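J.: Starting off with a structure, shown below.
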Amino acid sequence: MRKLSNSTKVLLLILVTFLSLTVVSAHDANATELISDNSNGTCIVSSAAVAEDNQILGEVDKPDLVVNITSDNIDDYFIRGRLKSIYAYATLCISEDIDDLGILTIKSNNVTINGNNHTLKNTVFSIEANGVTLNNITLNITEKFEDNENSAILIWRANNVNIYNTNINYIPPQDTTAYGIYSEGTKRSLNSNLKIINNTINFEGNNPSEGRDYAVCLEYSPNCIFENNTVNARLPLRTIAFDLTTAYLYSEFALAMGISNCNNSTFKGNIINCDVNERPECSFPTLDAIFICDSKDCEFIGNQLTLTDFKSYKNQPNYLYGLDIYRADNLLVEGNNIHVETSGGTFAAGTAYPIQLTGPASGIIIKYNEIFSKCNGPNIGIYSQNFNGENYITILNNHINVTGLAGNHSWALVAGIEAQDDNDIIMNNIIEIHNIRKTTKEDNLYGISYSQETKGTHSYKVVNNTVISDGYYLSHMLDADNTTVTNNTLVRTYKYADTNYDPFKRGDAIGKDTDEIKNNDFSGNRVITIFEYEIEQQGDEIDEGDEFNYEPPTNTGNHSNIINGSGISPLKPGFPGGNPLIPGSNSGGTINTGGNGNVGGFTNPDVADGDKGYIGLPDLSGDDGKSLSRKFNQRANVKTVNSFNNQGDASNSYNNLVSTENSTSSESPSVNGVTASGTISKSASSAGAAGSSGAAQESLKAYEITKNIVENGPYDMIRFIGLAIICELLLIVGYKRKETKNLD
113 MRKLSNSTKV LLLILVTFLS LTVVSAHDAN ATELISDNSN GTCIVSSAAV AEDNQILGEV
173 DKPDLVVNIT SDNIDDYFIR GRLKSIYAYA TLCISEDIDD LGILTIKSNN VTINGNNHTL
233 KNTVFSIEAN GVTLNNITLN ITEKFEDNEN SAILIWRANN VNIYNTNINY IPPQDTTAYG
293 IYSEGTKRSL NSNLKIINNT INFEGNNPSE GRDYAVCLEY SPNCIFENNT VNARLPLRTI
353 AFDLTTAYLY SEFALAMGIS NCNNSTFKGN IINCDVNERP ECSFPTLDAI FICDSKDCEF
413 IGNQLTLTDF KSYKNQPNYL YGLDIYRADN LLVEGNNIHV ETSGGTFAAG TAYPIQLTGP
473 ASGIIIKYNE IFSKCNGPNI GIYSQNFNGE NYITILNNHI NVTGLAGNHS WALVAGIEAQ
533 DDNDIIMNNI IEIHNIRKTT KEDNLYGISY SQETKGTHSY KVVNNTVISD GYYLSHMLDA
593 DNTTVTNNTL VRTYKYADTN YDPFKRGDAI GKDTDEIKNN DFSGNRVITI FEYEIEQQGD
653 EIDEGDEFNY EPPTNTGNHS NIINGSGISP LKPGFPGGNP LIPGSNSGGT INTGGNGNVG
713 GFTNPDVADG DKGYIGLPDL SGDDGKSLSR KFNQRANVKT VNSFNNQGDA SNSYNNLVST
773 ENSTSSESPS VNGVTASGTI SKSASSAGAA GSSGAAQESL KAYEITKNIV ENGPYDMIRF
833 IGLAIICELL LIVGYKRKET KNLD
C-alpha cells in the first residue's frame, strides 16, 4: 500500500474538520428558535427540538423563555392553576380559544401573557408578582370565583403590573359581588405603578341588595396610569352606607370606578358609560359613576363620562353623581365631558350632579370641562361642601348646562355651581340653567350660589362669569367675607325681561350695610337679554328666536321599572330639614316626599293622596362595608342564581342585557361585538389594540422557513466556498501526481 504524502494528509485533515463543523452547524440550524414581538402582542414559537437539545446538553429542567399555550399543554405550565416558578421572565403566548380554566395564578415575576386576540371563557387571573403583563386577551365570564374575590383580574401585592389591550365581558350570576379589575393593595403592601391602558370592560352588576358591583376598583395603588380605556357598566341603584357624616370606598355598593388611596395617579382619555339597570326598594337610591377618595396629586383629564337612569320615573327621587370626590388634595379635573341625565327626580328631592366634592380638600382645580345635567328634581352642575373640613377650590373656564325643578323651598335648588366652601375662585365660566316649570322670583335658580348653610367662614372670588338663565339672579349667597362678585353677566332667556336691576341676591347676613365691615364687593354685574347676548357674540343684529322650552329626558333604552317607588321615604321618618346633601343634618324645617298622605311637612302636589310609598329600611347587617375582602376575611351570604335562567325581570336575562350589534352570529349574544360564547367578531378588539392579525399563527411554518433561509444563508455560503477550495486543492494534487507519474 502506497504511503500518503504530507500534503495529502493535510488536505484530508482539513476535509474532516470542515465536515465536522458542517454537522454541528446543521444541528444548530434545527435547534429551537424563539421569536417574540411584544409591541403588538404576537408570539411565534418553534420548539420541536427543545427536548432533544435538553437531553443532549443535560439541561432537562431549563424552560423556554417563550412558549405557546394550548388547551392540550397548559397543564405543563400551570400546576393546579398556578404558574410554575421556573417561568419567571417568560412570555406565554395563547394560541387558541380556551374554556373553563378557572383561576390562573401568577406568582413569578416579570411574566408576560400575550393572548393574540384569543378568548378565555370563564377564566380569571390572580396576579401576585411584580412586572406581570397581560396583553391582547378577551375574557368572557358568567360565573363567580370567590377565591379570586369574584374578580376577572385580581392584583394583589404586586408592583409594575401592566394590563394592555384586554377585553373583559363580565356578567356575574344574580346576587353576586363582582369586580372587573380589582387592584387590592393595602396600606402596608401597595400595588405601585399599575398601568391599565387600551382596555374595554363591559360589566353588568346583578346585585341590588347586598355585596358590591365595581367594574374597576383601585385600592392603595399609587402612581397608577388608567388611560384610553372604555368602561361600560350597568348597575343597580343602592343605599350608601355613610360612616357617621362622610363616605369611604366601602360606603359604596355599585360603581363604574372606585378609587381609594391612589396618590399621584392619572386617569386620562377614558370613556366611562354608566347606566342604571334596576331600581330596588331602598332608601335614597343612589349611584356614583366614579368615586375617588383619600388620593392626593391626581389628574382626571380628557375623559368622557356619561351617567343615566331611566329606571326612575318623574316624581321618584334618585341620587346620581358623575364624579364624586372625597378628601382629594391637589386634584386636577380638566378637559372632560361629563353628562348626567335621568327621568327621575321630584320637588326638593333627588340629585343629578356631574361633579360633587366633599372636603377637606385643597388645591382642587376644575377647568375647561363640558358639564351637562338634566333631571326632574333639584340639580347642580358642580356641588362642593365643607361639612367635614375646609375646601379650597378653583373653577375656571367651564361650560355648564343644568336643567332641573327649582322652587321656593331651600332644597328645590337648581344651580350651575353651589359652593359651600371656605375659599373658592370661580372665573370665566359659561353657565346655562333652566327650570322645567315657569320660574318665579322666589325660586332657587342661580348660576353661582352659596344657598344652603354650612359651617365656617366663606370667601369667594367670582369674576367674569356668564350665566344664561330662565330666572332672575346671577348669584345668591347666604353669607360671605372677603368676597368679590364683580364683572359678571346674567343673560335672561325671556325676551321681554327686565334688565334694570342688580342680579346679585344677598342673604340676611350680608346686607348692603355690611360690605365695608366684611370687606365684600358685589358690584359691576349686569343683566341683558338673550338677544342682546347673541348680538354681542355675533357682532350684528339677529332675528328673535324661540324661548327655551323644556323637553323631558328621553328613555332611549326602552327601560322599564317594575317597582313603584313614587313614595319612597327617606331613612329617617319625618325627613329632618337642613342641608339635604349632608348626612345627619337635622337643622331647619321639615319636608316629606312620601306623598300627601303623610302628616305634616311639605306637600308634594304630584303624589297621590294616601301614598306613603315604601317605608322599610335595607338590611345591611350582612355587610359591614368590608365583606369579600382578604383584609377582613368576611364573606357575604350570596345567592347563586345564574343570569341565564331568566328569573325575575326580563331585563335581567342574558339575552336582554347584551347587544348583538356587530356580532358574527345572530344566535350568539355579544357585548360590543365580542361574543360571550368564546368567539370574537371582526370588531372585537379594542380601538387602541395593537394586536396582530388572526393569520399570524397560521403563517408560522412559512415564517420559520423564511427566517431559516435568511439567518442560515451565511453559513451555507461558507460551506460552499470551503468545499470549492477543497475541490480545487484536490484537483491540483491530482494533476501534480499525474504529471509526476508521466515523468516516471
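Under the working numbering, residues 113 to 856 are what the sequence shown spells out, in order.
Beta carbons are placed, not taken as given, at the ideal position from N, Cα and C, and that holds for glycine.
Computed from a predicted structure; not experimentally measured.
1) Count the other CB atoms within 10 Å of the CB of Tyr332; is the residue buried (16 or more) or exposed (fewer)?
2) Assuming Ile267 and Leu306 make a contact with CB atoms under 8 Å, what is their CB distance in whole Å?
3) What span of residues does the alpha helix (DSSP H) with Asp212 cover, start to end?
4) Considering Cα atoms alone, identify which of Asn272, Tyr433, Gly501, Leu444 is closest to Gln468.
5) CA-CA distance, Leu419 and Thr566?
6) Look at the alpha carbon of Ile293 and the alpha carbon of Ile280, and state the distance between them as a whole number of angstroms.
7) From His71 to Asn247, what distance separates their C-alpha atoms?
8) So Asn481 packs on Gly447, CB below 8 Å; how close in whole Å?
9) I think Gly317 touches Pro285, with their Cβ atoms under 8 Å apart; what is that distance to the nearest whole Å?
10) Using 8 Å as the threshold, is the stretch 186-195 in touch with the stretch 227-236, meaning 3 or more CB pairs across them?
11) From Asp614 to Val639, what does the alpha carbon distance come to, in whole angstroms?
12) Run the CB neighbour count on Leu177, radius 10 Å, all protein chains shown included, and call it buried at 16 or more, exposed below.
13) What distance in whole Å lies between the Cβ atoms of Leu213 and Val179, which are believed to be in contact at a cut-off of 8 Å?
14) Would you grab the beta carbon distance between Asn242 and Ala270 for me? Rounded to a whole angstrom, and I think it's under 8 Å.
15) Pull up the distance between the alpha-carbon of Asn262 and that of His521, whole angstroms please.
16) In the structure shown, what three-state DSSP assignment does Phe643 receive?
17) How would you call Asn612, buried or exposed, if buried means at least 16 neighbouring beta carbons within 10 angstroms?
18) Is the distance from the Cβ of Asp582 to the Cβ of Thr605 below 8 Å?
19) Can you have a look at Arg439 and say buried or exposed, based on whether 16 or more other CB atoms are within 10 angstroms of its CB?
20) Taking only the alpha-carbon atoms, compute the straight-line gap between Tyr504 and Ser207 and give it to the nearest angstrom.
21) Please report the distance separating the alpha-carbon of Thr250 from that of Ile239.
22) Is it right to say Lys256 is buried, meaning 16 or more other beta carbons lie within 10 angstroms of its own, or is it exposed?
23) Between the C-alpha atoms of Asn335 and Lys617, what's the straight-line distance to the nearest angstrom?
24) Am I right that Asn491 and Ala464 are in contact with their C-beta atoms under 8 Å? What's the rounded C-beta distance?
25) Locate the beta strand (DSSP E) running through Glu411, then write down its first and last residues.
26) Between which residues of its own chain and Lys299 is the CB-CB distance below 8 Å, once the five residues before and five after are set aside?
27) In chain order, what residues of the same chain lie with their CB nearer than 6 Å to the CB of Asn541, ignoring the 5 residues before and after it?
28) So, for Glu554: in the same chain, excluding its five sequence neighbours on each side, which residues have a beta-carbon less than 6 Å away from its beta-carbon?
29) Is Gly493 buried or exposed, if buried means 16 or more other CB atoms sit within 10 Å of its CB?
30) According to DSSP, is Lys380 helix, strand or coil?
31) Val603 and Val575 - do their beta-carbons sit closer together than 8 Å?
32) Where does Glu482 sit, in a helix, a strand or coil, going by DSSP?
33) Once the 5 residues before and after Arg742 are set aside, which same chain residues still bring their CB inside 8 Å of it?
34) Can you check which of these residues, Arg346, Asn319, Asn430, Thr342, is closest to Thr312 by C-alpha distance?
35) Along the chain, where does the beta strand (DSSP E) containing Asp627 start, and where does it finish?
36) So what's Ala518 in DSSP terms, helix, strand or just coil?
T.: On the basis of the supplied data:
1) buried
2) 7 Å
3) No alpha helix (DSSP H) holds Asp212; the beta strand (DSSP E) holding it covers 210-218.
4) Tyr433
5) 28 Å
6) 9 Å
7) The structure shown does not extend to residue 71, since the chain is modelled only from 113 to 856, so the question has no answer here.
8) 7 Å
9) No, Gly317 and Pro285 are not in contact; Cβ-Cβ is about 11 Å, not under 8 Å.
10) no
11) 8 Å
12) exposed
13) That belief does not hold up - the Cβ atoms of Val179 and Leu213 are roughly 16 Å apart, past 8 Å.
14) 6 Å
15) 45 Å
16) helix
17) exposed
18) yes
19) buried
20) 54 Å
21) 17 Å
22) buried
23) 45 Å
24) 5 Å
25) 411-413
26) Tyr332, Asn373
27) Asn510, Asn577
28) Asn520
29) buried
30) strand
31) no
32) strand
33) Interpretation of Arg742 is limited by its pLDDT of 36, a score under 50 that renders its predicted location unreliable; the figure taken from the coordinates is listed afterwards. These residues qualify, in order along the chain: Glu261, Trp268, Glu296.
34) Thr342
35) Careful: Asp627 lies outside any beta strand (DSSP E), inside the alpha helix (DSSP H) at 627-630.
36) coil
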